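In our numbering, the protein residues as written are 18 to 487. Glycine included, every Cβ here is placed at the ideal spot set by N, Cα and C. What you are looking at is a predicted structure, and each value in this text was computed from that prediction instead of being measured.
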Amino acid sequence: MAAAGSGAKAGHENWSSRSAFVLAAVGSAVGLGNMWRFPAEAGENGGGAFVLFYIFCVMLIGLPVLLSEVLIGRHGQSSAPESVRRVARDSNTSTGWSIIGSLGVFAAFLILSFYCVVGGWVLYYIGVFASDIVQTGITSGAFAGRDPGDIEGLLPSLFGDGGLMVGLNLGFLALTMFFVARGVSSGIEWVAVYLMPLFFALFLAITIYGSFTGNFSEAVAYLFTFDASKLTGEVMLAAVGQAFFSLSLGVAGMITYGSYANRDTNLGHTSGIIAGADTAVALIAGLAIFPIVFAAGLSASAGPGLMFQSLPISFQAMPFGSLIGFAFFVMVFFAALTSSVSLLEAPTAFVKDAIGMPRMVATLVVGLGAAILGVLSSLSFNEMAEFYPLNFIPLFAETNFFDTLDGVTAKLFMPIGAILTCIFVGWFADARLIDDENGLDGVLHQTWRALVRFVCPVVLTVILAYGLLS
18 MAAAGSGAKA
28 GHENWSSRSA
38 FVLAAVGSAV
48 GLGNMWRFPA
58 EAGENGGGAF
68 VLFYIFCVML
78 IGLPVLLSEV
88 LIGRHGQSSA
98 PESVRRVARD
108 SNTSTGWSII
118 GSLGVFAAFL
128 ILSFYCVVGG
138 WVLYYIGVFA
148 SDIVQTGITS
158 GAFAGRDPGD
168 IEGLLPSLFG
178 DGGLMVGLNL
188 GFLALTMFFV
198 ARGVSSGIEW
208 VAVYLMPLFF
218 ALFLAITIYG
228 SFTGNFSEAV
238 AYLFTFDASK
248 LTGEVMLAAV
258 GQAFFSLSLG
268 VAGMITYGSY
278 ANRDTNLGHT
288 SGIIAGADTA
298 VALIAGLAIF
308 PIVFAAGLSA
318 SAGPGLMFQS
328 LPISFQAMPF
338 GSLIGFAFFV
348 MVFFAALTSS
358 VSLLEAPTAF
368 VKDAIGMPRM
378 VATLVVGLGA
388 AILGVLSSLS
398 FNEMAEFYPL
408 NFIPLFAETN
418 FFDTLDGVTA
428 KLFMPIGAIL
438 TCIFVGWFAD
448 ARLIDDENGL
458 DGVLHQTWRA
468 LVRFVCPVVL
478 TVILAYGLLS
């Protein structure tokens, strides 16, 4: 592990290299938001109009906020709340701004608890396709001789089995805890350095497979043909929200990862690479999934069921369908794990630094809390399906435990945290301190500063208001 650069906090862990930081940060951003949510959102919101506006939003909103978060972390060299506190203290402003880090840590903890539930679904489908390979071999299509309705029913069948849901959730969480407990260089960095290249190799192979065996031209036309009539206010807000969600902003992960960056890392350039890689993965995910779906004659607007229901049906008609299906969900597992590690690291770093716990103990404490919430989220699809924890609030009326956690974090904590980050960095943090950290100069610096001060807070406030009123 490389020694910390000038100004590093004594005893604070660091990435071994800039490339390790980039891979870890890309792994944090690239996850189920890209592989599951982006194709679903694109399908539900008209394809090209949504996709092109999404790219615009990543550059206009996502990238400026991303750079703001990592520079706070790099200057603070500590957990997210303490990093914000240090920037505030060095800027001679109120240390109460540390609430930004606290909100992010709490949001990451809540998201982790239900994110691992979806990670469990991925494990289930890996097992389903592995079993199909054993039964039918690898040369034929998946699920030979089975009715499409039966394949579509795999997910509802899983939802109905509370014990299996809980077991898969806890298994995925245990894997996440294992790597976080090993520390930055031996655990988190290892996951990034070894799993992300494997992810990209599988990702490109499956995309190439889909381009030859699926309806690639229709997928390209669907994703990149701009139809202005489909660019409604709702579609634009969905695109902004997806750009924000995809980059894992507002959940303290990027602040925490930024705190492990060495002083010689150019944060402006690095943030651009992270945002660019994350966007590329989202777009390629569409090019990997939609050709296969279109070739099977299925709808692109299946929503959240696109990856877990429509896609498995599509593999039935494809050569080597079982093998490709297995490889696809292994690939998704890699992406999900690198993101869940980031979600767990943010609260673990906070507990470790604030209370002085050893990393192993802090990981167990946070993991146990996430396990309890995760069990409740798993059971909200079956035994606790009619339990609505915030039924007294109209926004969350008749919303089960899983959806309540999702709604509270996505509609409240994440946008509020990002808005406060922009206001803090743009208006209250010392300008000279920010200039020293961001790695930008000239027009790029002035553009970034204008976006953080004026554009991002306004757009994010609109997202917050829309989420609360919808």
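- Positions of the alpha helix (DSSP H) runs, each at least 4 residues long and wholly inside the region 355-400, are given as 376-396 in order along the chain.
- In the structure shown, the three-state DSSP call for Val268 is coil.
- Comparing alpha carbon positions, the residue from His29, Ile155, Ala66 and Ser203 closest to Thr249 is Ala66.
- Ranking Phe413, Ala256 and Phe311 by CA distance to the CA of Gly227 puts Phe311 first.
- Counting every other CB atom within 10 Å of its CB across the protein chains shown gives Val151 a total below 16, marking it as exposed.
- Between Leu264 and Leu83, the CB-CB gap stays under 7 Å.
- Straight through space, the alpha carbons of Tyr277 and Glu30 are spaced by roughly 6 Å.
- By the CB criterion at 7 Å, Gly90 and Ser356 fall outside the cutoff.
- For Asp452, the enclosing alpha helix (DSSP H) covers residues Ala448 to Asn455.
- Linking Phe419 to Val383 through their CA atoms gives a straight-line distance of about 18 Å.
- Excluding the 5 residues flanking it on each side, Asp107 has same chain C-beta neighbours closer than 7 Å at Asp447 and Leu450, in chain order.
- Along the region 225-283, the alpha helix (DSSP H) occurs as fully enclosed runs of 4 or more residues at 233-241, 250-263 and 270-275, listed in sequence order.
- Contact between Ile436 and Gly258 does not hold, since the beta-carbon distance rounds to 14 Å and is not under 8 Å.
- For Ser174, the enclosing alpha helix (DSSP H) covers residues Leu171 to Phe176.
- In this structure, the beta-carbon distance from Thr380 to Val197 falls below 7 Å.
- Distance from the CA of Thr153 to the CA of Ala467, rounded to the nearest whole angstrom, comes to 59 Å.
- Non-local C-beta neighbours of Ala305 in its own chain, meaning closer than 6 Å and more than five positions away in sequence, comprise Ile223, Thr224 and Gly227, ordered along the chain.
- Sixteen is the threshold: since fewer than 16 other Cβ atoms of the shown chains lie within 10 Å of the Cβ of Ala414, the residue is exposed.
- DSSP places Tyr405 outside both helix and strand once states are collapsed to three, so it counts as coil.
- Judged by pairs of C-beta atoms under 8 Å, the region 230-238 does not touch the region 42-59, as fewer than three such pairs exist.
- A contact between stretches requires three or more CB pairs, one per stretch, nearer than 8 Å, and the region 121-139 meets this requirement with the region 362-369.
- DSSP places Met182 inside the alpha helix (DSSP H), whose first and last residues are Gly179 to Ala198.
- Of Ala353, Val368, Ser339 and Leu221, the smallest CA-CA separation from Gly303 is found for Leu221.
- DSSP places Phe38 in the helix class (H, G or I) of the three-state scheme.
- Note on geometry: alpha-carbon atoms of Val139 and Asn186 lie some 10 Å from one another.
- Per DSSP, Pro321 lies in no alpha helix (DSSP H) and is assigned neither H nor E.
- When the Cα atoms are used, Gly484 and Ala256 turn out to be separated by approximately 13 Å.
- About 23 Å separates the beta carbon of Ala292 from that of Gly60, a gap too long to meet the 8 Å contact definition.
- Taking the Cα of Pro165 as reference, the smallest distance to any Cα among Phe325, Thr478, Val349 and Leu393 is reached at Phe325.
- Between Ser85 and Thr464, the gap from beta carbon to beta carbon reaches 7 Å or more.
- By the CB criterion at 7 Å, Val476 and Ile78 fall inside the cutoff.
- Taking 7 Å as the cut-off, the beta carbon of Ala37 is found closer than this to the beta carbon of Glu206.
- Residue state for Trp32 is assigned as coil, using DSSP reduced to three classes.
- For Pro411, there is no enclosing alpha helix (DSSP H), since its DSSP letter is neither H nor E.
- Rounded to the nearest angstrom, the gap between the Cα atoms of Gly204 and Met377 is 12 Å.
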